[in-house]
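Chains as they are written, first to last, in my numbering: chain R, 5 to 119; chain H, 169 to 284. Backbone N, C-alpha and C define an ideal beta-carbon position, used for all residues, glycine too. All values reported here derive from a predicted model rather than from experimental measurement. One structure is given here, and the rest of the page talks about it.
Rendered as C-alpha cells:
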C-alpha cells in the first residue's frame, strides 16, 4: 500500500510570497486532515475534509490560508502573503470513515521556512 | 475542552533499560479514542496504537506495552529493553468517537534518547 505523500518536503520562501502544498492521501481514505507543528510542540489541527467537503476549520486557519480537495482525492493547502510566523511543519493525514477505521496515517510533512 | 498532558519533556536512558512515557488526558466525552505516535528525526509521525475508551484491556506488542486506566485518565506507554532505534519524540493524542471530525488533540510530546 502506498502511504500518504506530501510535496514538496521542504520549502523556503520570502515573507510576502504565496506557497502551495500538496497532499495525496491513501487511496481508499475519504477523510483528510491538515495539521501544523512548530518546534517543540505537538501537531495542531488546521482543517478537515470528508471527501471533497471541507467540514471544519480551526481558528488557527487565518484568512490567508485556504485548503481544497477537488474530487475528494488530493488536497492543497495555500498560504498567501506568508509571514515568518508561518514557519512550521505542515502535516497531512488521512483516514477511512468506517467502523474501527478511525486511525489517521500521516505523511512525511512539508517543512516551511519563511525568511 | 479536550486536553492531553505529557509532563515528561525529555527522558534519557541507557540501552536495555525499561522506560515509561506518561500521558494524562481530559475530556468530557464518554467515548473517545487514545493514540500513541512516534516521530523519529525524519519527521514523519508513525502510528503505534489506538485504544477505544470502552476497552480498558492493556496491550502488549513485542517490546511495547500500554496501560490504560480510565480512573486516572491515563494512557501510559512502556518500552521494555529499550534500543537506540527507539530514540524519537513520542506523542499521545485524543480524539472523540463517532463525531463529525475525529480531529486529534496532541500532547507536547516526550523526547526519548536511548544511549548505547
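Point to revise | is_contact[residue 107 of chain R, chain H] using C-beta, thresh 8 Å | key: yes
Practice item. Give a yes or no on whether the C-beta atoms belonging to residue 212 of chain H and residue 113 of chain R are separated by under 8 Å. Key: yes
Exercise for review: Assign residue 276 of chain H to one of three DSSP states: helix, strand, or coil.
Suggested key: coil
Point to revise | chain H within 8 Å of residue 58 of chain R, Cβ atoms only | key: no
Exercise for review: Taking a Cβ distance cut-off of 7 Å, strictly less, list which residues of the region 50-81 of chain R are near chain H, in chain order.
Suggested key: 52, 59, 60
Exercise for review: Confirm, please, whether the CB-CB distance from residue 73 of chain R to residue 84 of chain R is below 8 Å.
Suggested key: no
Check your understanding: Hey, does residue 89 of chain R have any beta-carbon neighbour from chain H nearer than 8 Å?
Key -> no
Exercise for review: Please determine if the region 261-279 of chain H and the region 203-220 of chain H are in contact, where contact requires at least 3 C-beta pairs separated by less than 8 Å.
Suggested key: yes
**Study point:** residue 186 of chain H to residue 252 of chain H span [Cα, whole Å]
**Key:** 12 Å
**Study point:** Euclidean distance between Cα positions of residue 197 of chain H and residue 53 of chain R
**Key:** 22 Å
Exercise for review: Counting only runs of 3+ residues fully inside the region 171-219 of chain H, write out the beta strand (DSSP E) ranges in chain order.
Suggested key: 171-173, 178-182, 187-189, 192-194, 200-207
Practice item. Could you tell me which of R:38, R:18, R:102 sits nearest to residue 10 of chain R, measuring between CA atoms? Key: R:38
Practice item. Flag residue 201 of chain H as yes if its beta-carbon sits less than 8 Å from any beta-carbon of chain R, otherwise no. Key: yes
Review point. By Cβ distance, which residues of its chain are closer than 6 Å to residue 236 of chain H, with the 5 residues on each side in sequence left out?
Key: 219, 224, 243
Exercise for review: Return the chain-ordered ranges of every beta strand (DSSP E) run that is complete within the region 48-94 of chain R and spans a minimum of 3 residues.
Suggested key: 48-54, 57-61, 69-72, 79-83
Point to revise | C-beta neighbour in chain H for residue 113 of chain R, strict 8 Å | key: yes
**Study point:** Within-8 Å CB hit, residue 100 of chain R to chain A
**Key:** In the displayed structure, chain A is absent; the protein chains listed are R and H.
Point to revise | Reduced DSSP secondary structure (H/G/I, E/B, other) of residue 254 of chain H | key: helix
Review point. Residue 65 of chain R to residue 91 of chain R, Cα distance in whole Å?
Key: 14 Å
Review point. If residue 250 of chain H and residue 193 of chain H are in contact, beta carbons under 8 Å, what's the gap, nearest whole angstrom?
Key: With a Cβ gap of about 24 Å, residue 250 of chain H and residue 193 of chain H do not count as contacting.
Review point. Shorter than 8 Å from the beta carbon of residue 271 of chain H to some beta carbon of chain R?
Key: yes
Review point. Roughly how many angstroms separate the alpha carbons of residue 117 of chain R and residue 82 of chain R, rounded to a whole number?
Key: 14 Å
Check your understanding: Whose C-alpha, out of H:216, H:248, H:190, H:172, is nearest the C-alpha of residue 178 of chain H?
Key -> H:190
Review point. In angstroms, rounded to a whole number, what distance separates the CA positions of residue 174 of chain H and residue 14 of chain R?
Key: 29 Å
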